[in-house]
Amino acid sequence: MSKNSAPNNNVFYRNQNWRYPKIVKAEGIYLFDDKGNRYIDGCSGSVVANIGHANKEVAAYTKELMERISFTHLSRWTVDEIEKTAKKIAEYAPGDLNHVYFLSGGSEATETAIKMARQYFVERDGVSSKWKIISKWNSYHGNTLGALSMTGLSSRRKIYDNYLINFPKIDQFYHYRNKWNLEDKVESSIKAAEELEQEIKRHGAENIAAFISEPVVGSAAPGVYPEKIYFDMVRDICNKYDILLIIDEVMSGFGRTGEIFAVNHYDLIPDILVAAKGMSAGYTPIGCTIANDEIFNTIMVNGSGHFIHGHTYAGNPLSCGIALKVMEITERENYVENAKKQGNYLMEKLQSLYKYECIGDIRGKGLMIGIEFVQNQKTKEPFSKEINFKTLLMEACFKEGLIVYPGGGSVDGNLGDHILLAPPLSVSKEEIDVIFEKLEIGIKSVNDKLFR
6 MSKNSAPNNN VFYRNQNWRY PKIVKAEGIY LFDDKGNRYI DGCSGSVVAN IGHANKEVAA
66 YTKELMERIS FTHLSRWTVD EIEKTAKKIA EYAPGDLNHV YFLSGGSEAT ETAIKMARQY
126 FVERDGVSSK WKIISKWNSY HGNTLGALSM TGLSSRRKIY DNYLINFPKI DQFYHYRNKW
186 NLEDKVESSI KAAEELEQEI KRHGAENIAA FISEPVVGSA APGVYPEKIY FDMVRDICNK
246 YDILLIIDEV MSGFGRTGEI FAVNHYDLIP DILVAAKGMS AGYTPIGCTI ANDEIFNTIM
306 VNGSGHFIHG HTYAGNPLSC GIALKVMEIT ERENYVENAK KQGNYLMEKL QSLYKYECIG
366 DIRGKGLMIG IEFVQNQKTK EPFSKEINFK TLLMEACFKE GLIVYPGGGS VDGNLGDHIL
426 LAPPLSVSKE EIDVIFEKLE IGIKSVNDKL FR
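Have a look at this one:
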């Protein structure tokens, strides 16, 4: 990949050093470029395309809805599609998470959650010192300044540090690299949960509004997840210190991990749950922040009745309707169960990759699987930045027609290479076989180059 290899046009691309093949059509798990090449979307774009690309039913419904109604502003109007979509999400969400605030994406959703948490305590107590949000290292919660303040991936934050809120952070439930050198995952999960209580005491519970966590880590340390005891303890700690628990399911929500929401793996009921990405499977920009009865009633029924927050496209009826159609298809086609089934099958196949020296750890739930790469399997030493392993592997897989989601910084914010495998939930067993075959060719190619 050469410097300044992006197309010469008027688009402000995200990375000027990437060549950007031009996609002209898509179908199922495949993307097709203008040169006739076919690519397997092994990461659903950015863990978005849950029901696959170019679904004709969604296209037909979108046309019908768009011809009927495309935009209303949520501050003045309501529409059936908005109400029906909120009802369906509330049915999916656990416990009393019954109140859905619609946004345009994940960053807006996590930022909305912390504003909601702050206003809840102000409305409840009149004057409240509770404003800090405890988050974690090896986390990513979005790119807006509030969401980035919660993000613990230093490579994403560094250039903007002067703009960010210095929210407290604790260690991730990252068993492979747990700082206690514990071999038992239950024990490391307990230690990670205990850090929350220690951090609350350090800052004072009277200053903490919420704690935010992903149930399965996405881009910052793909596929990492704790034992159930972690969230059992976290829920109890939050209750004990009068702190709201926010769960970020922007990546994991709507079936990605083999459950409609990943909190179901832990029998966990948060106070606020945020979701996006797979909610509409990429057919429209949308996200949501789901609040429990206590938060909604405190602000909207017994309090001011006015949430001091809003976006132009919040509650867009076209986006809500498309998301509802995606949920209908996901449910009818049993894609959540398929994610569990094909995820287990892929995970079994991936175990054979440990024969390659570069493989450090393979982990995940459903079709949200991370692979971490190392220089030394025994010491877990990461590759140097100069080697740029993640890019080498991405290029090797790209050559085979497989798109993976590369990332880095999982070791110390700077070092650490990994990929996320997250094909559409509609993927078949036969397609999993092809994905694995192409992935192994890519891994073997890079491994042989570095170790032979």
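Following my numbering, the numbering of the sequence shown begins with 6 at its first residue and continues without gaps. Glycine included, C-beta positions come from ideal geometry on N, C-alpha and C.
Closest in alpha carbon position to Ala-286, among Val-105, Asp-453, Ala-427 and Lys-27, is Ala-427. For Ala-215, the enclosing beta strand (DSSP E) has its first and last residue at 213-218. Our two residues, Ser-51 and Pro-411, have alpha carbons roughly 10 Å apart in a direct line. Sorting Arg-240, Glu-400, Ala-95 and Val-379 by C-alpha distance to the C-alpha of Pro-26 places Glu-400 at the top. The beta carbon of Leu-355 is closer than 6 Å to those of Ile-367 in its chain, skipping five residues each way along the sequence. Nearest C-alpha to Asn-55 among Ser-309, Arg-261 and His-311: Arg-261. C-alpha of Lys-163 to C-alpha of Leu-169: approximately 10 Å in a straight line. The alpha-carbon separation between Leu-108 and Met-256 amounts to approximately 15 Å. Within the region 74-138, the runs of beta strand (DSSP E) that reach at least 3 residues and sit entirely inside it are, in chain order, 102-108. Between Asn-103 and Asp-298, the beta carbon gap of about 6 Å places them in contact (Cβ cut-off 8 Å).
Going by DSSP, Cys-402 is part of the alpha helix (DSSP H) stretching over 394-404. Non-local C-beta neighbours of Glu-362 in its own chain, meaning closer than 7 Å and more than five positions away in sequence, comprise Gln-382, Asn-452 and Phe-456, ordered along the chain. Around the Cβ of Lys-434, a 10 Å sphere holds fewer than 16 other Cβ atoms; the residue is exposed. Here the region 141-156 makes contact with the region 109-120; the two share three or more CB pairs at distances below 8 Å.
Going by C-alpha positions, Tyr-350 is about 15 Å away from Leu-444. Judged by beta-carbon spacing, Ile-408 lies within the 9 Å limit of Cys-48, meaning their Cβ atoms are closer than that value. With distances taken between CA atoms, Glu-232 lies nearest to Gly-369 out of Gly-369, Arg-207, Phe-312 and Gly-292. Around the Cβ of Val-306, a 10 Å sphere holds fewer than 16 other Cβ atoms; the residue is exposed. For the pair Asp-101 and Ile-274, the CB atoms are nearer than the 9 Å cut-off. Its Cα nearest to that of Val-84, the residue Asn-321 stands out among Asn-321, Lys-190 and Glu-333. Our two residues, Asp-130 and Gln-21, have alpha carbons roughly 50 Å apart in a direct line. Contact between Phe-312 and Ile-304 holds, with the beta-carbon distance rounding to 6 Å and staying under 8 Å.
Per DSSP, Phe-37 lies in no alpha helix (DSSP H); the unbroken beta strand (DSSP E) holding it starts and ends at 35-38. Apart from the 5 residues on each side of it in sequence, Ile-295 sits with its Cβ closer than 6 Å to the Cβ of Ala-98, Leu-102, Val-105 and Leu-278 in its chain, given in chain order.
For His-423, there is no enclosing alpha helix (DSSP H); the enclosing beta strand (DSSP E) has its first and last residue at 422-426.
Rounded to whole angstroms, Gln-380 and Glu-72 show a C-alpha spacing of 56 Å. In the DSSP assignment, no residue is bridged to Lys-360. Short of 6 Å from the beta carbon of Cys-402, and not among the five residues preceding or following it, lie these beta carbons of its own chain, in chain order: Val-409 and Gly-447. Looking only at Val-341, Gly-406, Ala-344 and Leu-425, the smallest Cα-Cα distance to Ile-374 is reached by Leu-425. Assigned with DSSP and collapsed to three states, Pro-411 falls in strand. Secondary structure at Tyr-44: strand, using DSSP grouped into helix, strand and coil. Here Phe-126 is buried. Its C-beta has 16 or more other C-beta atoms within 10 Å. Looking from the CA of Lys-346, the closest CA among Glu-377, Ala-328 and Leu-430 belongs to Leu-430. The beta carbons of Ile-213 and Ile-205 sit about 6 Å from each other, so the pair counts as a contact at 8 Å. The three-state secondary structure of Leu-201, taken from DSSP, is helix.
The alpha carbon of Ile-139 has as its nearest neighbour, out of Gly-223, Val-221, Ala-31 and Ile-252, the alpha carbon of Ile-252.
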